[in-house]
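Right, one structure below, let's go through it.
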Amino acid sequence: MKKLQNIAVLAGDGIGPEVMAQAIKALKAIEEKYKHNFHFKEALMGGIAIDKTGEPLPAETLKIALESDAVLLGAIGTPKYADPTMKVRPEQGLLGLRKALGLFANIRPVKAYDKLIGLSPIKNVAGADFVIYRELTGGIYFGESGRNEDDTMGYDIMSYERHEVERIAHAAFKSAMNRRSELCLVDKANVLEVSRFWRETVDRIAKEYPSVNYTQLYIDNAAMQIILNPARFDVVLTANLFGDILSDEASVISGSLGLLPSSSIGEKHCLFEPVHGSYPEGAGKDIANPTAMILSAAMMLEHFDMVKEARDIYDAVDLCMEKSIMTEDLNPEVSYSCSQMGDVIESLILGEDIKVKSVKEGSYSII
Ligand code: IPM
Ligand code: MN
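When we follow our numbering, the leftmost residue of the sequence shown carries the number 1, and every step to the right adds one.
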């Protein structure tokens, strides 16, 4: 595994810079504790990049990302560029970056924290702990699209090449081998030829992993099962658009979209970002939940085999959840600000005493 040193920091829009600052705090604490040497290089991305350069993914940003060992991304999107019919939009930057870095595997872990079980609007979340392997650089997101000449028809084509299915399938099966050895392929093979192609390809690859219990579900049924019985899933393997939809749906299991991290992995590059968006209404108020961003940084450490370092962050987050050190999306009564939660996690990593002022109560809690 190559060394983690140069980290591109694309904080982006809305709450992006605020949650990013907390992830950097955590990483600097790790750097200090384990005597690592991280170089953080900031670059523009998304709406802020359009404002400053006219482009959502400026060439300079792409260069920094390509030259880095890993990319950390906050969030993109602002109300100014929310109209999906606009010619230049922040999303194009993100999609362009994923494609340019070849990030074909998007890995989105979902888990129910014991302390938060009551917060989920779903009943049976206890024991839910699964990971979505979403194909990220192909399918309908990147297929041919357009309108016919007299503008009476619009289209987006969903197609996959065999090698695109194979590489994400191998990644998902390998993950299953390190987890509970269950893999569920989610598709729409009862209707779509492209799904039958996926199934045929994944069926063949499954034979190389005989110890993994391999099953299939149609996307409509899977969407229901995720709500009815989320604990039944271990690794979910699916195409780009299906994975996009399922991962937002799955986020309600843990109680807040603010808890879900992700990693996007390619052959040469890797990027780590929260599943949530830029939450423009919360920007500048120090109220955003930094957990997903901080956990994304932990996934980065894990990807570089810094297992203990990653564990420190996971443990700090677990302890925060257990002790109700949470932002207002999770605990409106006694809420901590985004930066306070970052401070607590930093202190926990460094083994310092924790003294945090609660925003609402004006009191201190000590753990
Ligand atoms: C995500 C987002 C993106 C996607 C958007 C912002 C382009 O929803 O990362 O899930 O659709 O992939
Ligand atoms: Mn999405």
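Glycine residues also receive a C-beta, built at the ideal position from the N, C-alpha and C atoms. The model shown is predicted, which means the values in this text are computed figures rather than measured ones.
Take lysine 3, set aside five residues on each side of it, and the residues of its chain with a beta-carbon closer than 8 Å to its own are Asp69, Phe304, in chain order. Here the stretch 84 to 102 makes no contact with the stretch 218 to 229; the two share fewer than three CB pairs at distances below 8 Å.
In the three-state scheme derived from DSSP, where H, G and I count as helix and E and B as strand, phenylalanine 38 is classed as coil. Judged by their CB atoms, serine 324 and valine 334 are nearer to each other than the 8 Å cut-off. The nearest non-hydrogen atom of the ligand MN is 7 Å or more from the C-beta of aspartate 312. A direct Cα-Cα distance of roughly 16 Å separates asparagine 240 from glutamate 193.
The residue among Gly16, Ile7, Gly46, Asn37 with its C-alpha nearest the C-alpha of leucine 66 is Ile7.
Taking a contact as a CB-CB distance under 8 Å, the pair alanine 292 and isoleucine 15 does not count as one, their CB atoms being some 10 Å apart. The beta-bridge partner set that DSSP reports for proline 230 is empty. The Cβ atoms of leucine 136 and leucine 103 lie closer than 8 Å to each other. With 16 or more other CB atoms across the displayed protein chains lying within 10 angstroms of its CB, asparagine 106 is buried.
Going by DSSP, serine 195 is part of the alpha helix (DSSP H) stretching over 193 to 206. Per DSSP, the beta-bridge partners of alanine 105 are Glu135, Ile265. Taking 8 Å as the upper bound for CB-CB distance, arginine 180 and aspartate 234 are in contact here, some 4 Å apart. Put simply, the backbone Cα of glutamate 346 is about 18 Å away from that of histidine 39. Take the alpha-carbon of asparagine 124 and the one of asparagine 229: they are about 6 Å apart.
Going by C-alpha positions, proline 56 is about 11 Å away from tyrosine 81. Segment contact: the stretch 164 to 171 against the stretch 201 to 209, three or more CB-CB distances shorter than 8 Å; contact assigned.
Proline 79 sits in a helix when the DSSP states are folded into three classes. For isoleucine 50, there is no enclosing beta strand (DSSP E); the enclosing alpha helix (DSSP H) covers residues 47 to 53.
Straight-line measurement puts the Cα of leucine 119 at about 32 Å from the Cα of lysine 28.
In this structure, glycine 47 keeps its C-beta atom at 8 Å or more from the C-beta atom of proline 17. Here serine 263 really is in contact with phenylalanine 272; their C-beta atoms are around 5 Å apart, less than 8 Å. In the three-state reduction of the DSSP assignment, glycine 14 falls in the coil class, being assigned neither a helical nor a strand state. Residue Thr201 holds the alpha-carbon nearest to the alpha-carbon of valine 165 among Leu301, Lys35, Thr201.
Closer than 7 Å to some heavy atom of the ligand IPM: that describes the Cβ of aspartate 244. Nearest Cα to threonine 215 within the set Val186, Thr78, Leu10, Gly54: Val186. Aspartate 248 has its Cβ nearer than 7 Å to a heavy atom of the ligand MN. In the DSSP assignment, aspartate 248 falls within the alpha helix (DSSP H) that extends over 240 to 254.
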